[in-house]
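A.B. asks:
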Amino acid sequence: MPKLQELQDLTVQVRRDILRMVHKVNSGHPGGSLGCTEFFVALYNEIMELKDGFDMDGKDEDLFFLSNGHISPVFYSVLARKGYFPIEELNTFRLIDSRLQGHPTTHEGLPGVRIASGSLGQGLSVALGAAQAKKLNNDPKLVYTLHGDGELQEGQNWEAIMYAAGKKVDNLIATVDYNGQQIDGSTDDVLPMGDLKKKFEAFGWDVLEIQEGNNLEAIINGMKEAKERTGKGKPVCVLLHTIMGHGVDFMMYTHAWHGKAPNDEQLETALAQNPETAGDY
Amino acid sequence: MKKYIDQGKNDTRSGFGAGLTELGRTNPNVVALCADLVGSLKMQDFIDENPERFFQVGIAEANMMGIAAGLTIGGKIPFTGTFANFSTGRVYDQIRQSIAYSDKNVKICASHAGITLGEDGATHQILEDLGLMKMLPGMTVINPCDYNQTKAATIAIAEHQGPVYLRFGRPKVANFTPVDQKFEIGKALMLNEGTDVTIVATGHLVWQALIAAENLEKEGISAEVINIHTIKPLDGEAVLKSVKKTGCIVTAEEHNYLGGLGESIAGFLATTHPTPQEFVATKDTFGESGTPEQLMDKYGLNNKAIEKAVLSVLKRK
Ligand SMILES: Cc1ncc(C[n+]2csc(CCOP(=O)(O)OP(=O)(O)O)c2C)c(N)n1
Ligand SMILES: [Mg+2]
Chain A
30 MPKLQELQDL TVQVRRDILR MVHKVNSGHP GGSLGCTEFF VALYNEIMEL
80 KDGFDMDGKD EDLFFLSNGH ISPVFYSVLA RKGYFPIEEL NTFRLIDSRL
130 QGHPTTHEGL PGVRIASGSL GQGLSVALGA AQAKKLNNDP KLVYTLHGDG
180 ELQEGQNWEA IMYAAGKKVD NLIATVDYNG QQIDGSTDDV LPMGDLKKKF
230 EAFGWDVLEI QEGNNLEAII NGMKEAKERT GKGKPVCVLL HTIMGHGVDF
280 MMYTHAWHGK APNDEQLETA LAQNPETAGD Y
Chain B
83 MKKYIDQGKN DTRSGFGAGL TELGRTNPNV VALCADLVGS LKMQDFIDEN
133 PERFFQVGIA EANMMGIAAG LTIGGKIPFT GTFANFSTGR VYDQIRQSIA
183 YSDKNVKICA SHAGITLGED GATHQILEDL GLMKMLPGMT VINPCDYNQT
233 KAATIAIAEH QGPVYLRFGR PKVANFTPVD QKFEIGKALM LNEGTDVTIV
283 ATGHLVWQAL IAAENLEKEG ISAEVINIHT IKPLDGEAVL KSVKKTGCIV
333 TAEEHNYLGG LGESIAGFLA TTHPTPQEFV ATKDTFGESG TPEQLMDKYG
383 LNNKAIEKAV LSVLKRK
């Protein structure tokens, strides 16, 4: 599968983008971004069915909503490298007058973004609306979402989770970045969430787990399986077991890098672990 | 003009943390809650000293407000901590029904208020919180100007019976008010007496107002500077006394002009002593990413903007 090697290379380049973006402005969220790199690369290059170009309504193409907006660096990098906007624009991340706001917005008209996120816990509801609009439009394409696991502590998620099953919104695949970490510590220390799989199932969802959430092949196979399960009367949830900070040894397995940028020296170490593959911006 | 010395830049949120720590030692009824932002709210010292009086609720602000309301029923004085956006807009109805309408003694402590939180951008930069909170009957609304004053305000609100919204920020700014000052809720502070124009400022804009007054003095304009740390109840008397002398007023705040301090003062003066007024505030817009200084400049929230407003209001006298 030569394509797989290509995508593998892309994940390394995306990691470089993430690290360089947050380093330059000494702010932003590398931990969750690095942990979700394989997911984004797979989703945009292998899983979603996309039209060329971008329009807000996204009719006859799959849609993606990022609910945990703080991991904007990985979202922006993958969008840019997919061609939604110039790769050089990554240089403007979090700077004044930029389209690449700290958290994704539609306000500045960045192609690829359909809703503002950053205040946690709102994305699933929006995705449900978009999925139901697709049904009204007889549009057979799917709606994908990503949520943090800590983010699921917001009650609005559970209103949306109940609604999705109750109203049989089965053209939706909601993925949870199941890294077990949030700002103040592990999710177990902050607020234990119990058995997420059983919780989603009890709410009437079809749940699938991807144990190796940083393995491209596992993600591609898992997401294809998830796609197979749509259209059968139940919303589909993917519990994606990732490692926060994946790909940079000193950032892995800890919440410490949730929202902290590396200094010059740390950046150098981190980049050395991720040598350039597709050209730095 | 009266000189104010910056004792060393510090963030107002650290003033809150220091005040909370002191309350932990002096008032056994004070309890604290946080929604996964302990570091940002500087609550760790309180937690270390009083682990049993701290409640980590996770990323669930609505639940936090309800729990805080409930804790008051057992005689506790809950201090909730999260960003200003998630302390107000996110949980407005929970505050409205369970705290304000139910007259519960909850202290809503809100960091990262306004545009100066910087790079996180508009989703986190609430510029409407003063308006939301002041519209709630019975709510006291406080926006201190520096580290020392935020610490004093934190301590003072524990003694006040009733719901309070305490607003502070992220960036390190000049710390120029007295250490261990006594904080009187609802009492405006005269910082500099002047005769030509009244500048009433709140929060981060107070220091900017002092810089503006100094610059204006060089141009022969005598500006009276008043620090209004309490937006509600408003010290109308202090404003009235000043404008009767100067004949015009500039209000300055890190907030939308709709719903802010300036609007409160305009409403008050319209019914007591109509006075030409200019607003230094954001002009019905969302914020964006950038450094605090860049944003204050772009959105007209610094000494330059105040000076400009003074020059135009003087023409309308
Ligand atoms: C409503 C709301 N409350 C609080 C925050 C502050 N915040 C940003 S990210 C975060 C932690 C999110 O945890 P998780 O969803 O697990 O993401 P991860 O840390 O794994 O990237 C918090 C509390 C926010 N952005 N929105
Ligand atoms: Mg997490």
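Chains A and B are the protein sequences, given in the same order. Heads up, the first sequence is in my numbering, so the first residue is 30 and it goes up one at a time. Heads up, the second sequence is in my numbering, so the first residue is 83 and it goes up one at a time. All C-beta atoms, glycine included, are put in the ideal place defined by N, C-alpha and C. Given the structure is predicted, the values throughout are model-derived calculations rather than measurements.
(1) Under 8 Å: does the beta carbon of asparagine 230 of chain B sit that close to some heavy atom of ligand 2?
(2) Tell me the rounded alpha-carbon separation between glutamate 345 of chain B and glutamine 240 of chain A.
(3) Residues in the segment 116-139 of chain B with C-beta within 9 Å of chain A's C-beta atoms, listed in sequence order?
(4) What is the DSSP secondary structure of glutamine 243 of chain B, reduced to helix, strand or coil?
(5) Anyone know if the C-beta pair for threonine 164 of chain B and leucine 123 of chain B falls short of 9 Å?
(6) My assumption, with CB atoms under 8 Å, is that leucine 343 of chain B sits in contact with leucine 199 of chain B. Please give the rounded CB distance.
(7) Along the alpha helix (DSSP H) that carries glutamine 376 of chain B, what are the first and last residues, could you check?
(8) Take lysine 196 of chain A as the anchor and find which of A/Pro264, A/Ser148 and A/Leu245 has the nearest alpha-carbon.
(9) Does any C-beta atom of chain B lie closer than 9 Å to the C-beta of arginine 123 of chain A?
(10) Assign proline 169 of chain A to buried or exposed, taking buried as 16 or more other Cβ atoms, counted over all protein chains shown, within 10 Å of its Cβ.
(11) Tell me the DSSP bridge mates of cysteine 116 of chain B?
(12) Would glutamate 336 of chain B pass as an interface residue toward chain A - the criterion being a Cβ-Cβ separation below 9 Å?
(13) Going along chain A, which residues have a C-beta under 8 Å from glutamine 376 of chain B?
(14) For alanine 182 of chain B, which residues of its own chain have a beta-carbon under 6 Å away from its beta-carbon, when the five flanking residues on both sides are left out?
(15) Assuming aspartate 278 of chain B contacts isoleucine 212 of chain A (C-beta within less than 8 Å), just tell me the rounded distance between them.
(16) If the cut-off is 7 Å on Cβ atoms, which residues from the segment 194-220 of chain A count as contacting chain B, listed in chain order?
(17) Can you pull the chain B residues whose beta carbon is under 9 Å from the beta carbon of glycine 141 of chain A, in chain order?
(18) Going along the chain, which unbroken runs of the beta strand (DSSP E) with 3 or more residues stay wholly within the segment 150-201 of chain A?
(19) Using the Cα positions of glycine 251 of chain A and alanine 363 of chain B, report the straight-line distance between them to the nearest angstrom.
(20) Tell me which residues pass a beta-carbon proximity test against ligand 2: closer than 7 Å to any heavy atom, given in chain order.
(21) Cα separation between alanine 391 of chain B and leucine 149 of chain A?
(22) Are threonine 357 of chain B and glycine 382 of chain B touching if we call contact CB-CB under 9 Å?
(23) Should isoleucine 141 of chain B be listed as close to ligand 1, given that the test is whether its C-beta is under 8 Å from any heavy atom?
(24) Indicate whether at least one CB of chain A lies closer than 9 Å to the CB of asparagine 384 of chain B.
(25) Measure from the alpha carbon of asparagine 167 of chain B to the alpha carbon of each residue in B/Asn187, B/Glu143 and B/Val255, then state which is nearest.
(26) May I ask which residues mark the beginning and end of the alpha helix (DSSP H) holding leucine 298 of chain B?
(27) Closer than 9 Å by beta-carbon distance: list the chain A residues that pair up with alanine 204 of chain B, in chain order.
(28) Note down, in chain order, each residue of its chain lying with its Cβ closer than 8 Å to the Cβ of glutamate 389 of chain B, except the 5 sequence neighbours on either side.
(29) Counting only C-beta atoms, is glutamate 210 of chain B closer than 9 Å to chain A at any point?
C.D. replies: Judging by the given coordinates:
(1) no
(2) 55 Å
(3) Cys116, Ala117, Asp118, Leu119, Val120, Gly121, Ser122, Gln138 and Val139
(4) coil
(5) yes
(6) Their Cβ separation, rounded to whole angstroms, is 19 Å, which puts leucine 343 of chain B and leucine 199 of chain B out of contact at 8 Å.
(7) 374-380
(8) A/Pro264
(9) yes
(10) exposed
(11) B/Gln138 and B/Gly163
(12) no
(13) Ile125
(14) Leu218, Gly220, Met221 and Pro245
(15) Wrong, their Cβ atoms sit about 49 Å apart, outside the cutoff.
(16) Gln211, Ile212, Asp213, Val219 and Leu220
(17) Within 9 Å Cβ-Cβ: nothing; glycine 141 of chain A doesn't reach chain B, min ~17 Å.
(18) 172-177
(19) 51 Å
(20) A/Gly61, A/Gly177, A/Asp178, A/Gly179, A/Asp206, A/Asn208, A/Gly209, A/Gln210, A/Gln211, A/Thr216 and A/Met273
(21) 38 Å
(22) no
(23) yes
(24) no
(25) B/Glu143
(26) 287-300
(27) Gln130, Gly131, His132, Thr134, His136, Ala145 and Gly147
(28) Ala294, Asn297 and Leu298
(29) no
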